[in-house]
Amino acid sequence: MSVVAKRILVTGGAGFLGSHLCERLLAQGDDVLCVDNYFTGRKDNVAHLLGDLHFEAMRHDITHPLFVEVDEIYNLACPASPIHYQFDPVQTTKTSVIGAINMLGLAKRLKAKIFQASTSEIYGDPNVHPQSETYRGNVNTIGPRACYDEGKRCAETLFFDYFRQHRLRIRVARIFNTYGPRMHPNDGRVVSNFIVQALKGAPITLYGDGSQTRAFCFVDDLIEGFLRLMAAPDEVTGPINLGNPHETSVAELAELVLSLTGSRSSITRRPLPIDDPVQRCPDIGQASTMLGWHPTTPLQEGLKHTIAYFDKLLTERGAIEDSALLVTP
Ligand SMILES: NC(=O)c1ccc[n+]([C@@H]2O[C@H](COP(=O)([O-])OP(=O)(O)OC[C@H]3O[C@@H](n4cnc5c(N)ncnc54)[C@H](O)[C@@H]3O)[C@@H](O)[C@H]2O)c1
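As structure tokens, this is what we get:
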């Protein structure tokens, strides 16, 4: 429990990660202002918080300046899955770059501490494993993923320039694959794809031979990392990797989802999408030493919670459009 309630702005607060963060901040006694343009976020994600006097939701696009009074800012606004960030790539870059400039400008005016949700995508298709924060990445600047990857890289640059030039208190987290309840059911990401396909008894789409690995972090673990980073001494600026270093192949994940859902779905194979990294795994040495943080939720347990969420969603909403299941993870 915080001693003094802080006023905290969460951009992208109605999204998957943002809604969990809003919940945790409220639970520790903070006042939360959730700002979102509802591009990929959903009002449903925060509907249960609206009755709380310490919670406020505001429709706003962070590519436009925002004038509010807060003590801390978590900048999460940005579509995170390829299908969504490639839908309007120019807007994606604007959200990352102009959005960062607007939020950093706000933090500067308010002398507020500001957190940036950066991403493992800034490492691109990495040629070192696992990726530590010193690795500078291998990003294709003109590929279809660049609007996101380069946007996020530029946002990091802006954060560190504001830190050096204006002595802003910054925190930059490089987030690796995270999953859990409130993931978007049609986001084309591997965990949500597999679960929705398995629950519907539809064929599970495996891209490539399935040997590409991912390291999946459960959302509650990740949010704990956010809070620890924000609470760390000001010299702990990051960038700091937050993710689960335990690697699982995509084929293994498919088998696990099939067994946990009891589904009889078959597995169909498709070619690997362009620039899809074959391996991605965080080195979380810094998070462990500086924040005492490491993920604690086993994949099987996290998947059970996620499956329960999607099961309920499918029952409530009926069929989720099949077309969305055809997109790449
Ligand atoms: N989930 C992951 O595995 C993961 C991995 C790496 C990085 N991240 C980063 O974490 C953040 C949150 O990701 P998420 O998984 O919750 O995605 P999400 O799509 O569920 O949430 C993003 C939220 O931002 C909102 N948004 C988008 N553009 C906006 C704009 N211009 N103005 C205001 N709101 C806007 C969306 O409506 C949505 O609610 C993103 O910045 C993402 O890049 C997520």
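Quick note on our numbering: the sequence shown kicks off at 4 and runs consecutively.
A virtual CB, placed ideally from N, CA and C, is assigned to each residue, including glycine.
Keep in mind it's a predicted model, so treat the numbers as computed, not measured.
With a cut-off of 8 Å on the beta carbons, I'd call residue i and residue j a contact; round off their distance for me.
{"i": "Lys-9", "j": "Asp-34", "result": "7 Å"}
{"i": "Gly-228", "j": "Leu-302", "result": "That pair is no contact at about 17 Å."}
{"i": "Tyr-151", "j": "Glu-124", "result": "6 Å"}
{"i": "Gly-16", "j": "Cys-37", "result": "3 Å"}
{"i": "Glu-250", "j": "Thr-216", "result": "4 Å"}
{"i": "Leu-161", "j": "Leu-107", "result": "6 Å"}
{"i": "Leu-256", "j": "Arg-27", "result": "26 Å between Cβ atoms; not a contact."}
{"i": "His-57", "j": "Leu-12", "result": "Between Leu-12 and His-57 the Cβ distance is about 13 Å, and since that is not below 8 Å, they are no contact."}
{"i": "Ser-214", "j": "Val-175", "result": "About 31 Å; that fails the 8 Å criterion."}
{"i": "Thr-144", "j": "Leu-79", "result": "Contact doesn't hold; Cβ gap of about 24 Å is too wide."}
For residue i, write down the residues that DSSP places opposite it in a beta bridge.
{"i": "Arg-62", "result": "Asp-39"}
{"i": "Phe-221", "result": "Tyr-182"}
{"i": "Glu-250", "result": "Ala-218"}
{"i": "Arg-273", "result": "Tyr-210"}
{"i": "Tyr-77", "result": "Val-13, Phe-118"}
{"i": "Pro-188", "result": "None, per the DSSP bridge assignment."}
{"i": "Leu-333", "result": "For residue 333 there is no data in the structure shown, the boundaries of the chain being 4 and 332."}
{"i": "Ala-196", "result": "The residue asked about is misnamed: residue 196 is Asn in this sequence, not Ala. Partner(s): none; Asn-196 has no beta bridge."}
{"i": "Gln-134", "result": "Pro-285"}
{"i": "Ile-173", "result": "Ile-117"}
{"i": "Asn-141", "result": "Gly-127"}
{"i": "Asp-34", "result": "Arg-10"}
Please determine, among the options, the residue with the shortest C-alpha to C-alpha distance to residue i.
{"i": "Pro-171", "options": "Ser-269, Gln-119, Gly-127", "result": "The sequence shown places Leu at residue 171, not Pro. Closest by alpha carbon: Gln-119."}
{"i": "Gly-1", "options": "Gln-168, Cys-157, Gly-44, Glu-75", "result": "Nothing about residue 1 can be read from this structure; the chain reaches only from 4 to 332."}
{"i": "Glu-258", "options": "Tyr-138, Asp-128, His-297, Ala-201", "result": "Ala-201"}
{"i": "Glu-126", "options": "Leu-113, Met-233, Gln-282, Thr-181", "result": "A small fix is needed here, since residue 126 is Tyr in this sequence, not Glu. Comparing Cα positions, the closest option is Gln-282."}
{"i": "Leu-263", "options": "Ala-50, Arg-185, Ile-198", "result": "Ile-198"}
{"i": "Leu-245", "options": "Thr-299, Gly-213, Asn-196, Pro-206", "result": "Thr-299"}
{"i": "Gly-7", "options": "Ile-287, Ile-277, Gly-211, Glu-75", "result": "Per the sequence shown, the amino acid found at residue 7 is Val instead of Gly. Closest by alpha carbon: Glu-75."}
{"i": "His-23", "options": "Val-194, Gly-140, Met-186", "result": "Met-186"}
{"i": "Arg-177", "options": "Thr-137, Asn-143, Ala-205", "result": "Thr-137"}
{"i": "Lys-307", "options": "Leu-261, Pro-285, Cys-284, Pro-276", "result": "Leu-261"}
{"i": "Pro-285", "options": "Asn-180, Ile-104, Pro-248, His-57", "result": "Pro-248"}
{"i": "Lys-203", "options": "Asn-180, Ser-269, Gly-140, Leu-230", "result": "Ser-269"}
{"i": "Gly-288", "options": "Val-253, Gly-241, Thr-271", "result": "Gly-241"}
{"i": "Pro-184", "options": "His-132, Ile-11, Gly-108, Leu-317", "result": "Leu-317"}
{"i": "Leu-275", "options": "Asp-224, His-67, Val-253", "result": "Val-253"}
{"i": "Phe-163", "options": "Glu-238, Arg-272, Glu-319", "result": "Glu-238"}
{"i": "Ala-149", "options": "Asn-189, Gln-94, Val-222", "result": "Gln-94"}
{"i": "Gln-89", "options": "Ile-104, Ser-121, Gly-191, Ser-195", "result": "Gly-191"}
{"i": "Asp-128", "options": "Gly-140, Ser-135, Thr-122", "result": "Gly-140"}
{"i": "Thr-181", "options": "Ile-310, Thr-14, Leu-20", "result": "Leu-20"}
{"i": "Leu-225", "options": "Ala-290, Asn-196, Ile-173", "result": "Ala-290"}
{"i": "Ile-310", "options": "Arg-267, Ile-243, Ser-195", "result": "Ser-195"}
{"i": "Val-222", "options": "Asp-212, Glu-304, Ile-277, Gly-146", "result": "Glu-304"}
{"i": "Tyr-333", "options": "Thr-144, Ala-205, Cys-220, Cys-81", "result": "Because residue 333 is not part of the residues shown, which for the chain are 4 to 332, the question remains open."}
{"i": "Lys-116", "options": "Cys-25, Pro-92, Val-73", "result": "Val-73"}
{"i": "Gln-134", "options": "Phe-179, Ile-104, Gly-146", "result": "Phe-179"}
{"i": "Thr-66", "options": "Leu-79, Val-100, Pro-92", "result": "Val-100"}
{"i": "Gln-31", "options": "Thr-43, Asp-212, Ala-234, Lys-46", "result": "Ala-234"}
{"i": "Asp-47", "options": "Lys-114, Gly-18, His-63, Pro-68", "result": "Gly-18"}
{"i": "Glu-159", "options": "Asp-91, Ile-277, Ile-243, Arg-273", "result": "Ile-243"}
{"i": "Tyr-77", "options": "Leu-109, Arg-62, Val-193, Pro-188", "result": "Leu-109"}
{"i": "Gln-168", "options": "Pro-92, Lys-111, Pro-236", "result": "Lys-111"}
{"i": "Thr-96", "options": "Pro-147, Gly-265, Thr-292", "result": "Pro-147"}
{"i": "Pro-236", "options": "Gly-154, Ile-173, Pro-92", "result": "Ile-173"}
{"i": "Pro-206", "options": "Ile-277, Asp-212, Ser-266", "result": "Ser-266"}
{"i": "Phe-313", "options": "Arg-273, Asp-212, Arg-272, Asn-189", "result": "Asn-189"}
{"i": "Asn-105", "options": "Pro-68, Arg-272, Leu-52, Thr-14", "result": "Pro-68"}
{"i": "His-63", "options": "Thr-98, Ser-84, Ala-50", "result": "Thr-98"}
{"i": "His-132", "options": "Lys-155, Ala-218, Asp-212", "result": "Ala-218"}
{"i": "Tyr-210", "options": "Phe-70, Val-71, Ser-84, Ile-277", "result": "Ile-277"}
{"i": "Arg-272", "options": "Glu-153, His-297, Asp-212", "result": "Asp-212"}
{"i": "Ser-84", "options": "Cys-25, Lys-315, Gly-44", "result": "Gly-44"}
{"i": "Lys-155", "options": "Pro-92, Asn-130, Cys-25", "result": "Pro-92"}
Under 8 Å: does the beta carbon of residue i sit that close to some heavy atom of ligand 3?
{"i": "Cys-284", "result": "In terms of ligand content, the structure shown lacks ligand 3 and carries ligand 1 instead."}
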